[in-house]
Amino acid sequence: MELKKPTRIVFGTLTVLILLFIYLPLLVVVVNSFNGSTTLSWPVRSLTLQWWSKALSSTGLLAAVGTSLEVAVAATVVSLILGTLCAIALQRYEFFGKSAVNLLVVLPIALPGIVTGIALNNAFTTMLGVKLSIFTLIVAHVTFTIVTVYNNAFARLGQLGRHVEEASADLGAGLWTTFTKVTFPRIRTSLIAGGLLAFALSFDEIVVTTFTAGQNVTTLPIWIMNNMFRPHQAPVVSVVAVVMVAISLIPLWLAQRATAGEER
Numbered sequence: 090m091e092l093k094k095p096t097r098i099v100f101g102t103l104t105v106l107i108l109l110f111i112y113l114p115l116l117v118v119v120v121n122s123f124n125g126s127t128t129l130s131w132p133v134r135s136l137t138l139q140w141w142s143k144a145l146s147s148t149g150l151l152a153a154v155g156t157s158l159e160v161a162v163a164a165t166v167v168s169l170i171l172g173t174l175c176a177i178a179l180q181r182y183e184f185f186g187k188s189a190v191n192l193l194v195v196l197p198i199a200l201p202g203i204v205t206g207i208a209l210n211n212a213f214t215t216m217l218g219v220k221l222s223i224f225t226l227i228v229a230h231v232t233f234t235i236v237t238v239y240n241n242a243f244a245r246l247g248q249l250g251r252h253v254e255e256a257s258a259d260l261g262a263g264l265w266t267t268f269t270k271v272t273f274p275r276i277r278t279s280l281i282a283g284g285l286l287a288f289a290l291s292f293d294e295i296v297v298t299t300f301t302a303g304q305n306v307t308t309l310p311i312w313i314m315n316n317m318f319r320p321h322q323a324p325v326v327s328v329v330a331v332v333m334v335a336i337s338l339i340p341l342w343l344a345q346r347a348t349a350g351e352e353r
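Heads up, our numbering is the position in the sequence shown plus 89, with the first residue counted as 1.
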């Protein structure tokens, strides 16, 4: 269907306005990371790189980055394993309660983060008596990062069908051989995309992290919240925000490329 010129102009204008509304605040954050003022005054009257050097020399900040990377990598690995197993079980086999299990797997990504955080905090501290730590934080992140892997793998398995796997079984291959030689190579790019999305979700998560990290665990989002309103720390926080945007965009871009390459 070809749109008339006035309609194209209206749609184009609305698209530009929406994109500006979404991304202009990010541009302001980027500019403020070079702001010479400590109060983030606007408009910017001078530019400096001192906040970038200060951020790179902050031991607390670097430790928070390391913690966020550790949690994100661990959550991604666990999500890849559990998400793939769930996708294969729910896509390839029929059993009682299948629809209910499918709903329960994807439900955490739909729930508000504060609800998930409160529920997990109560489960760890009250029901199980477990002290909040980096372990509980990783478990909490897995509850929602697993959904990205599961959805990608489930959709890809549905597109492929079962005929090749059934042919492998007819030729005498076992479940493990069929998975490693037939199934996994065909869903590999979907798992990569799901894993990258899981990493991006875990790296910048703040709400669930606040309720499940404990007092001795400081991730990068928590560090930002703690330093946002401290004197002379706002420009450094802007630097960290720019870095977080870059780190979050790279996995998303790679996931999009992997998915696009698979479709082609």
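Where is the CB? At the ideal position from N, CA and C, for every residue including glycine.
Please read all numbers here as calculations on a predicted model, not as lab measurements.
Per-residue burial, residue i [other beta carbons within 10 Å of its own, 16 or more giving buried]
i: residue 245; result: buried
i: residue 230; result: buried
i: residue 312; result: buried
i: residue 131; result: exposed
i: residue 339; result: exposed
i: residue 165; result: buried
i: residue 146; result: exposed
i: residue 190; result: exposed
i: residue 285; result: buried
i: residue 260; result: exposed
i: residue 292; result: buried
Backbone CA spacing between residue i and residue j [nearest angstrom]
i: residue 296; j: residue 241; result: 24 Å
i: residue 112; j: residue 326; result: 18 Å
i: residue 216; j: residue 208; result: 10 Å
i: residue 193; j: residue 337; result: 27 Å
i: residue 123; j: residue 316; result: 18 Å
i: residue 232; j: residue 252; result: 32 Å
i: residue 204; j: residue 212; result: 12 Å
i: residue 98; j: residue 106; result: 12 Å
i: residue 271; j: residue 118; result: 47 Å
i: residue 200; j: residue 206; result: 10 Å
i: residue 333; j: residue 305; result: 22 Å
i: residue 266; j: residue 279; result: 20 Å
i: residue 54; j: residue 184; result: Given that the chain is displayed from residue 90 to residue 353, the structure contains no residue 54 and the question cannot be resolved.
i: residue 158; j: residue 133; result: 33 Å
i: residue 126; j: residue 142; result: 15 Å
i: residue 155; j: residue 95; result: 52 Å
i: residue 223; j: residue 151; result: 17 Å
i: residue 294; j: residue 103; result: 30 Å
Residue i, enclosing alpha helix (DSSP H) - first and last residue
i: residue 133; result: It is not in any alpha helix (DSSP H) - residue 133 carries neither H nor E in the DSSP assignment.
i: residue 219; result: It is not in any alpha helix (DSSP H) - residue 219 carries neither H nor E in the DSSP assignment.
i: residue 159; result: 148-181
i: residue 305; result: Neither: residue 305 is in no alpha helix (DSSP H) and is coded neither H nor E.
i: residue 289; result: 273-292
i: residue 295; result: Element bounds for residue 295: n/a, residue is neither H nor E.
i: residue 256; result: 252-259
i: residue 138; result: Taken as a continuous stretch (DSSP letters only), residue 138 belongs to no alpha helix (DSSP H), as it is neither H nor E.
i: residue 215; result: Where residue 215 is concerned, there is no enclosing alpha helix (DSSP H), given that its DSSP letter is neither H nor E.
Which of helix, strand or coil DSSP assigns to residue i
i: residue 124; result: strand
i: residue 319; result: coil
i: residue 235; result: helix
i: residue 243; result: helix
i: residue 93; result: coil
i: residue 200; result: coil
i: residue 110; result: helix
i: residue 262; result: coil
i: residue 186; result: coil
Same chain only: Cβ atoms within 7 Å of residue i, ignoring 5 sequence neighbours per side
i: residue 302; result: 221, 226, 308 and 311
i: residue 247; result: 180
i: residue 290; result: 233, 234 and 237
i: residue 298; result: 226, 308, 310 and 311
i: residue 255; result: none
6 Å CB neighbourhood of residue i in its chain, flanking five on each side removed
i: residue 171; result: 235
i: residue 163; result: 227
i: residue 198; result: 233 and 236
i: residue 175; result: 194 and 239
i: residue 283; result: 237, 238 and 241
i: residue 356; result: Limits of the chain in this structure are 90 at one end and 353 at the other, which puts residue 356 out of reach.
i: residue 288; result: 161, 165 and 340
i: residue 196; result: none
The ligand ZN heavy atom lying under 7 Å from the CB of residue i
i: residue 298; result: As presented, the structure is devoid of all ligands, the ligand ZN included, so that no description of it is given.
8 Å CB neighbourhood of residue i in its chain, flanking five on each side removed
i: residue 257; result: 266, 267, 270 and 271
i: residue 275; result: 245, 249 and 253
i: residue 149; result: 307 and 312
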